[in-house]
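Residue numbers 10 to 510, in this note's numbering, belong to the letters of the sequence shown in order. Idealized CB from N, CA, C, for every residue including glycine. The structure appears right after this line, and notes come after that.
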Amino acid sequence: MTRLQRRTFLIGGLASAGVVLASGGLATAVAYPFTLGVAAGEPVADGFVIWTRLAPSPLNADGLGGMGTANVDVEWQVATDQNFTQLVRTGTYTASQAWAHSVHVEVSGLQPGAVYFYRFRAQGQISPVGRARTAPAVGTSPALTMLFTSCSHYEAGYFTAYRRMAEDNPDLILHLGDYIYEGGAGSGVRKHQPSTEITSLANYRVRHAQHKSDVDLQAAHAAAPWVVVWDDHEVENNYANLVRADSSPAGDFAARRAAAYKAYYEHMPLRAAQAPSGSNLQLYRRLRWGSLATLHMLDTRQYRDDQACGDGSKVCPAADDPGRTITGAAQESWLLDGLGQRLATWDLIGQQVFFAQMLQSSAGARNMDAWDGYTANRGRITSGWQARGNTPVVLTGDVHRHYAANIMADYGTQNKVIGTELISTSITSGGDGSASETGTSSLNPHIKFYKNQRGYVRTVTSSTEMHVDFRVLDKVTTRDYPVKTAQSYVIEAGNPGLQAP
Ligand code: FE
Ligand code: CA
């Protein structure tokens, strides 16, 4: 970009900010294309992805956001300061209707362990500014503030927890699935669009755009790079690979999954390596955070066998069939290979569903949708990490409750802690919850903590310990509640299990 172009970019930014402020919510003369905010993701030591999507009318039923058929050039800038006086990388990305005018720029050539600011310009308008951070260099282990959460049902509450995450000034945010829900409009505090269960590409695009229009969610995306994995509701409740959970609405499920996966890619700060291929999308992947931590991000939906004995909580000996898999054979090998490399002090496994055993009755009922429905696969992974000398921390979503658990070599005898599991509650799913509800049980002595409120988990990790805070809000059906810490733990590096802080 020439000096003159850069000056024009800066002046253009001020002018468009003026238009937005002066409009005061009235219809503006200029169709502002950056209604969905900006995001960064997939940090490595020399860069990250920056994302936006042009959508002046994000809820248009055709899913095209009010854009025409033409390609649109989108200029982007990365700077070391938020006034963009020190530009370090710039470029132009051609957004096309085939990808809903989404923008995925893989920025490289940056310094390790450094904070950057980014923004976009298109059609004479300038985007909000986002902040991102590169991963530290291998060989260094600076402390990491990482937040993780899951389950952001738009109708179940306001996204205040996302805003509180931004205010915690994180280096990194993980979303562990159920970023959207596929259901039609219900009776929550606000209404899904479109109002029917989503099945088409246009439908999934509108639903994602509705989420990305939320200012609290936009704040969390603008605050830090995200690393995302999906669970079931990005497609359909409790689906398993290409097996649908129910027959309503009717239709070709492979085509539906392809539409859902494509819309997910279009709306997330993912690399081209995660672009969809037919009804498939390669989402499991590893990210390195210097020599401090390796993130092994799993996909437990796309390759799993169907739930044994059907969905729900069941007494089901078939769940223990050694041939059953939740990861698929290729992902299981990939995970064990990556753990065996011992790339960093901490191995963090970011994934969707409850990993440790959780008996739900004295007769032995277990959740067939979680790892309890795929126990042989779980056993191969835990014996594999023991053989390799790992003591991972498993990070989980899905259950709309906070839990903290020790992962055991033998749950029956409660012998030997071999890992630690931190389970984040939801952003909104389940509504306000109840601060006084109890949920731990003598059936599961290794599960130490339970809280049915909304929020997220904050971790501050050094080369010697991880400090964990379970963050909660008293209400999400009323806007703007403060966040507080309900419980804290410490995990020592190389010494698995929850300890008092
Ligand atoms: Fe959920
Ligand atoms: Ca789920």
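At a cut-off of 7 Å, is CYS318 close to ligand 1 when judged by its beta-carbon and the heavy atoms of the ligand?
Every heavy atom of ligand 1 is 7 Å or more from the Cβ of CYS318, so no.
Pull up the CB-CB distance for TYR383 and ILE432, whole angstroms please, since I reckon it's below 8 Å.
About 17 Å; that fails the 8 Å criterion.
Could you name the residues, in chain order, whose CB is less than 5 Å away from a heavy atom belonging to ligand 2?
Counting only beta-carbon distances shorter than 5 Å to the non-hydrogen atoms of ligand 2, the qualifying residues in chain order are ASP187, ASP240, ASP241 and ASP407.
So does the region 102-113 actually touch the region 74-85, counting three or more Cβ pairs closer than 8 Å?
Taking a cut-off of 8 Å for Cβ pairs, the region 102-113 and the region 74-85 touch, as three or more such pairs fall below it.
Return yes when at least one heavy atom of ligand 1 lies under 7 Å from the C-beta of HIS409, else no.
Within the cutoff, so yes.
May I ask you to check if the CB of CYS325 is nearer than 7 Å to at least one heavy atom of ligand 1?
Checking every heavy atom of ligand 1 against the Cβ of CYS325, none is found closer than 7 Å.
Cβ-based neighbour list, THR169, same chain, cut-off 7 Å, excluding 5 preceding and 5 following:
The answer, listed in chain order, is ASP225, LEU482, VAL485, ARG488, ASP489 and TYR490.
Candidates GLN369, LEU344 and GLY118: closest to LEU357 by CA position:
Closest by alpha carbon: LEU344.
Please determine, among TYR498, THR391 and SER445, the residue with the shortest C-alpha to C-alpha distance to SER342.
Of the candidates TYR498, THR391 and SER445, the one whose C-alpha sits nearest the C-alpha of SER342 is THR391.
Excluding the 5 residues flanking ILE207 on each side, which residues of the same chain have their C-beta closer than 6 Å to its C-beta?
The beta carbon of ILE207 sits closer than 6 Å to the beta carbons of GLU191, TYR213 and ARG216 from its chain, once the five residues preceding and following it are set aside; these are given in chain order.
Could you pull the start and end residues of the alpha helix (DSSP H) that MET174 belongs to?
169-176 is the span of the alpha helix (DSSP H), which, as asked, contains MET174.
Are there any heavy atoms of ligand 1 lying less than 7 Å away from the beta-carbon of SER435, as far as the coordinates show?
Correct: SER435 has its Cβ closer than 7 Å to ligand 1.
Residues near ALA31 by beta carbon distance below 7 Å, same chain, minus five either side:
Because the pLDDT of ALA31 is 39, which lies under 50, any placement of that residue in the model is unreliable, and the number read from its coordinates should be weighed accordingly. If we look at ALA31 and ignore the five residues flanking it on each side, it has no Cβ neighbours.
Span separating the alpha-carbon of PRO65 from that of PRO331
Rounded to the nearest whole angstrom, the C-alpha separation of PRO65 and PRO331 is 52 Å.
Judging by CA-CA distance, which residue of ASN92, LYS271, ASN69 and GLY347 is the nearest neighbour of GLN202?
Residue ASN69 is the option with its Cα nearest to GLN202.
Beta-carbon separation (whole angstroms), ALA141 vs PRO67, contact threshold 8 Å
PRO67 and ALA141 do not touch by the CB rule: their CB atoms are close to 23 Å apart, not below 8 Å.
Shortest alpha-carbon distance to SER286 belongs to which of LEU296, LEU301 and TYR274?
Here the closest residue by C-alpha is TYR274.
Only counting the same chain, and skipping five residues up and downstream in sequence, which positions put a Cβ closer than 7 Å to that of SER150?
Taken in chain order, the residues that qualify are GLY299, SER300, LEU301, THR354 and SER472.
Contacting residues, own chain, Cβ-Cβ under 8 Å from GLN219 (five flanking each side not counted)
PRO67, LEU68, TYR163, HIS201 and GLN202, listed in sequence order.
When the Cα atoms are used, what is the spatial distance from SER322 to ALA232?
CA-to-CA, the gap between SER322 and ALA232 works out to about 38 Å.
Tell me whether LYS271 sits in a helix, a strand or coil according to DSSP, three-state version.
DSSP, read as helix, strand or coil, puts LYS271 in helix.
Under a three-way DSSP split, which group does LEU19 fall into?
For LEU19, the pLDDT reaches just 46, beneath the cut-off of 50, and the residue's location in the model is therefore unreliable, leaving the point undetermined.
What span of residues does the alpha helix (DSSP H) with TYR163 cover, start to end?
First-last for TYR163: undefined, no H or E at that position.
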